[in-house]
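Chains A and B, in that order, give the protein sequences.
Residue numbers for the first sequence follow the numbering used here, so the first one is 463 and each next one is one higher.
Residue numbers for the second sequence follow the numbering used here, so the first one is 14 and each next one is one higher.
No residue lacks a Cβ here, since even glycine has one placed at the ideal position from N, Cα and C.
Note that this is a predicted model, so its numbers are computed, not measured.
Input: a single structure, listed below in structure tokens.
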Amino acid sequence: MTLPVMLLLNVLIVVLLGVIARFVKLGKQESAEGWNLAFTNRDLILMAVIAAISGVVNTGTGILWSAANAAGGPLAGAALQGAFMWAYILAFFLVRKPGAMVIVGVLDTAVEALLGNPSGIATIGWGVTQGIAAEVVLAICSYSSFSWFSLGLAGAAASQFGTVWTAYLFGWDTTPEVVSQYWLASPINLVSGFVLSGLLGLALGKMIARTGLVRATRSS
Amino acid sequence: MSEQLLAYVEKESPFHRADALSKLLWVILVVLATFQFQTTLSRAMMFLALLFTALVVARVPWRSFWRVSPLIFGVAVLLGAFHYAVTPRFTPLFSMGSYVIFREPLEAGGAYFFRLAIMVLASFLLIWTTDTYQLMVGLAYLGLPYRYAFAIFMALRYIPLIQREVEAVQAAHAIRGRAVQSPLKHRFRLWQRYLFTVIVNGLRKAENTAIAIESRGFGAYPQRTYWKEFRWTRSGILLVLIFVFFSLALIVWERFLF
Numbered sequence: 463m464t465l466p467v468m469l470l471l472n473v474l475i476v477v478l479l480g481v482i483a484r485f486v487k488l489g490k491q492e493s494a495e496g497w498n499l500a501f502t503n504r505d506l507i508l509m510a511v512i513a514a515i516s517g518v519v520n521t522g523t524g525i526l527w528s529a530a531n532a533a534g535g536p537l538a539g540a541a542l543q544g545a546f547m548w549a550y551i552l553a554f555f556l557v558r559k560p561g562a563m564v565i566v567g568v569l570d571t572a573v574e575a576l577l578g579n580p581s582g583i584a585t586i587g588w589g590v591t592q593g594i595a596a597e598v599v600l601a602i603c604s605y606s607s608f609s610w611f612s613l614g615l616a617g618a619a620a621s622q623f624g625t626v627w628t629a630y631l632f633g634w635d636t637t638p639e640v641v642s643q644y645w646l647a648s649p650i651n652l653v654s655g656f657v658l659s660g661l662l663g664l665a666l667g668k669m670i671a672r673t674g675l676v677r678a679t680r681s682s
Numbered sequence: 014m015s016e017q018l019l020a021y022v023e024k025e026s027p028f029h030r031a032d033a034l035s036k037l038l039w040v041i042l043v044v045l046a047t048f049q050f051q052t053t054l055s056r057a058m059m060f061l062a063l064l065f066t067a068l069v070v071a072r073v074p075w076r077s078f079w080r081v082s083p084l085i086f087g088v089a090v091l092l093g094a095f096h097y098a099v100t101p102r103f104t105p106l107f108s109m110g111s112y113v114i115f116r117e118p119l120e121a122g123g124a125y126f127f128r129l130a131i132m133v134l135a136s137f138l139l140i141w142t143t144d145t146y147q148l149m150v151g152l153a154y155l156g157l158p159y160r161y162a163f164a165i166f167m168a169l170r171y172i173p174l175i176q177r178e179v180e181a182v183q184a185a186h187a188i189r190g191r192a193v194q195s196p197l198k199h200r201f202r203l204w205q206r207y208l209f210t211v212i213v214n215g216l217r218k219a220e221n222t223a224i225a226i227e228s229r230g231f232g233a234y235p236q237r238t239y240w241k242e243f244r245w246t247r248s249g250i251l252l253v254l255i256f257v258f259f260s261l262a263l264i265v266w267e268r269f270l271f
């Protein structure tokens, strides 16, 4: 299976997750700002700080994840694959505007690259792919409302779509055995992203909202 | 954690004098060229060229290079070993006792090793020799709205603050008797607490920063001025041109002459 086919199948997975998020309404629905793309200074600084924090936090995990994936292939790092995108979900929870997740993704991975991610500047590729996938899920929901379920699916989509960049970078399309490992790992990637990114990001957002310390938490 | 492995080191070298955008362009060029190479030998030559650029042209201290070498080579070695193990074997090259080395896995392992090592070394070289402020001004020069460029700069500015914050929170927890040498579950809970505290403190700082910059009218005008304007430099353009010719020469050599 070639890389374009893997990309196409992953796009279909992301769109499918978006459609599920749109039509299956589970949990309490919270409102977002719809297609409001006007980021205020406060939004930009919040996203920058969240990206810096996640960049620092994720750098150690990134080294472990890279080593596992490089040495053992797609299955070895799958459980950790979803541990990087909690910041995207947290940023969306606080900012609630389209593009917040992809901006945090790019900034977070840029910080990781600067702090010594063993993939260098190519780390930004994960920020872009993962951020876009999470955005697509919430774009299909028109950015109008979200719940734990839709944010979980956004995390899952981000986690799975990020593996396209890994497949390109680490050469996971070279032999049929590795390709079959790649698809075997996808359910693990999805669950990992749902829990470690979607639910963790939302939980952090709600904890921050409860503190009442930050003006950014709005009235949610 | 407080001492950053990778940071800009101010030095006097032709590489340091090159402008930030040329160096960014150079990294992209090196990465793209590496993906175009078809033989391990071409990638090895590119890697040697980068090593020469780092140690001789950019005068990166051996000590800095040595300290980050596990990051440059660690994952690359593992990736090379993985591809060596999974690549089908057809052509025997030589044997060591009863163990036969085949051409295909050696080629694949070497290819992935050098591909990753080149990418990481080029990125690190950019970090060692480029002031992030200059990079931000350069990105604004390219047309990125300055508020977004400022967000990038802000994220980078916050890194040392957050690292110190993590240390302070860890110390505070340790004083209260919550040592790190504890069972995994407890360590996970500690981790959650660190993360939450660091995020809340970070967001509070972000709020204050937002109020401060807005009260100074940041973002009121579509353009802004910089104390140091971006300018393309001769050394930067030369660096890009040298590597364009070097990459093209390697591609021509491996496809038509090798």
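Residue i, buried or exposed, once every other Cβ within 10 Å from all chains shown has been counted against 16
i       : result
R160(B) : buried
L479(A) : buried
Y239(B) : exposed
D635(A) : buried
D144(B) : exposed
L197(B) : exposed
T521(A) : buried
W39(B)  : buried
Y550(A) : buried
P235(B) : exposed
S15(B)  : Note that S15(B) scores 43 on pLDDT, short of 50, meaning its location in the model is unreliable; the coordinates nonetheless yield the value given after this. S15(B) should be labelled exposed.
S642(A) : exposed
Any C-beta of chain A under 7 Å from that of residue i
i       : result
S136(B) : yes
R160(B) : yes
G232(B) : yes
E120(B) : no
I250(B) : no
E227(B) : yes
M132(B) : yes
T210(B) : no
Y112(B) : no
Y97(B)  : no
L42(B)  : no
Residue i to residue j span [Cα, whole Å]
i       : j       : result
A67(B)  : G582(A) : 15 Å
V590(A) : F107(B) : 43 Å
I41(B)  : L152(B) : 15 Å
Q491(A) : F608(A) : 5 Å
I507(A) : N531(A) : 33 Å
R128(B) : A620(A) : 25 Å
W610(A) : L661(A) : 7 Å
R672(A) : L666(A) : 10 Å
T628(A) : A601(A) : 24 Å
A98(B)  : P118(B) : 7 Å
Proximity test, Cβ basis, 7 Å: residue i and chain B
i       : result
F632(A) : yes
A562(A) : no
A500(A) : no
A629(A) : no
I602(A) : no
R672(A) : no
S528(A) : yes
V653(A) : no
S682(A) : Here the model assigns S682(A) a pLDDT of 45, short of 50, so the residue's position is not dependable and the matter cannot be decided.
Cross-strand partners of residue i (DSSP beta bridge)
i       : result
F608(A) : E492(A)
M149(B) : Answer is none; M149(B) lacks a bridge partner.
I114(B) : F107(B)
Within chain E, the residues that residue i reaches when beta carbons sit closer than 9 Å
i       : result
I188(B) : In the structure shown, chain E cannot be found, because the protein chains are A and B.
Contiguous alpha helix (DSSP H) assignments of at least 4 residues, all confined to the stretch 26 to 62 of chain B: 27 to 30, 33 to 49
Continuous alpha helix (DSSP H) assignments of at least 4 residues falling wholly in the stretch 554 to 586 of chain A: 562 to 577
Run through the stretch 607 to 642 of chain A for me and flag every whole alpha helix (DSSP H) of 4 or more residues, listed as ranges in chain order. 610 to 632
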